[in-house]
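J.:
Numbering (the numbering used here), first residue to last: 24 to 346.
1. Do residue 153 and residue 24 come within 8 Å of each other at the CB atom, strictly closer than that value?
2. Would residue 198 pass as a contact of residue 251 if the rule is Cβ separation under 8 Å?
3. Answer with yes or no whether the minimum CB distance from residue 62 to chain D is below 8 Å.
4. Whole angstroms are fine: how far does the CA of residue 141 sit from the CA of residue 95?
5. Can you tell me which of 200, 212, 302 and 193 puts its alpha carbon nearest to the alpha carbon of residue 174?
6. Evaluate residue 42 with the Cβ neighbour count: other Cβ atoms within 10 Å of its Cβ, from every protein chain shown; 16 or more gives buried, anything less gives exposed.
7. Identify which residue in 150, 40, 104 and 73 has its Cα closest to the Cα of residue 67.
8. Using 8 Å as the cut-off, can you tell me whether the region 296 to 308 makes contact with the region 252 to 271, which would need three or more C-beta pairs spanning the two stretches below that distance?
9. Is it buried or exposed for residue 146, if we count other Cβ within 10 angstroms and need 16 for buried?
10. Would you kindly check if the distance between the Cβ of residue 162 and the Cβ of residue 188 is under 8 Å?
11. Are the beta-carbon atoms belonging to residue 316 and residue 287 less than 8 Å from one another?
12. Just how far apart, CA to CA, sit residue 294 and residue 271?
13. With 16 other CB atoms within 10 Å as the buried threshold, where does residue 285 fall?
14. Please report the distance separating the alpha-carbon of residue 347 from that of residue 70.
15. Return helix, strand or coil for residue 183, following the three-state DSSP convention.
16. Please report the distance separating the alpha-carbon of residue 370 from that of residue 44.
17. Would you report the Cα separation of residue 26 and residue 305, rounded to the nearest angstrom?
18. Please report the straight-line C-alpha distance between residue 274 and residue 214, rounded to a whole angstrom.
19. Going straight from the alpha carbon of residue 31 to that of residue 137, what length do you get?
What follows is the structure, given as structure tokens:
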């Protein structure tokens, strides 16, 4: 609609259509549909619904819609269309002719009045048209300044770490909102991607400003648990482009020590390193849940001293299998 006019209006007076207005009580605030409100905000327009069952709040619009509808139906009644695109093209051509018709009781036409009186008052359109989007509510900004969505991560300003934010998912973009304010926008990662990061450098704190969790603090915790845990954490950070991207995966592993004890986590890391070059939380947690760390072949007195070649049974084991 706004693209047709070439600009937007500061006020949008609408009917109480359910796609736009959820509730319009006699007393209290009007409740708008989230998508309708977002559309109006995108075009810098204030939505002012007419009163319920009060069509005279906008009589000129009501009369014009009725007149244009009847005239259009009459003009198209004998024509046949084979596609919606063909119908839309015909309607656009008819509307241009309809708006250019001279008034019967005054000078000018609808088009001339619009161009001379109304068009100069329009607000410039935003660079991109409004895009209908889905909302995901209640996502937490993690310690690595990122929010998780569809198995991937998107950065948010570091000042919002620990805050709950909402995500607006468009066809190609992801926006992060906090209390009605848009914090940042990302290009949506492909649906086939997994565990990838979209990071705006400006969202991350400077080295002197980081006071919560960083690589150094995670590595200190891992070293207290044991050398194999330290190896796992080191490799997690080595896999990421930025250290901040490794904070949350590292903490996910380290926090397992609170549930299962540091000794068990160290053994689980040793087992995981025997078969996986860079174990993650998803690899280590099943070892602890199933108790493999309690029955694994880890020599006594060498907790955390995993061999680089992994845990092997040796030739004698397989030689005796048939006995």
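Don't be surprised by glycine CBs; every beta carbon is placed ideally from N, CA and C.
T.: The answer reads as follows:
1. In this structure, residue 153 does not lie closer than 8 Å to residue 24 by Cβ.
2. No, the pair does not count as a contact, with Cβ atoms beyond the cut-off.
3. The structure shown contains no chain D, having only a single protein chain.
4. Their backbone Cα atoms lie some 24 Å apart in a straight line.
5. Considering only alpha carbons, the answer is 212.
6. The residue in question, residue 42, is exposed, as its Cβ has fewer than 16 Cβ neighbours within 10 Å.
7. Looking at the Cα atoms, 150 is the closest of the given residues.
8. Under the Cβ criterion (8 Å, minimum of three pairs), the region 296 to 308 counts as touching the region 252 to 271.
9. With a 10 Å radius around the Cβ and a threshold of 16 neighbouring Cβ atoms, residue 146 comes out exposed.
10. Yes, they are a contact pair.
11. In this structure, residue 316 sits near residue 287, with a CB-CB distance shorter than 8 Å.
12. If I take the Cα positions, the gap works out to 22 Å.
13. Counting the other Cβ atoms within 10 Å of the Cβ of residue 285 gives 16 or more, which makes it buried.
14. Nothing can be reported for residue 347, as the shown portion of the chain is limited to 24 through 346.
15. DSSP places residue 183 in helix when its eight states are reduced to three.
16. What is shown of the chain runs 24 to 346, which leaves residue 370 out entirely.
17. About 49 Å.
18. When rounded, the distance between both Cα atoms is 26 Å.
19. Distance from the CA of residue 31 to the CA of residue 137, rounded to the nearest whole angstrom, comes to 13 Å.
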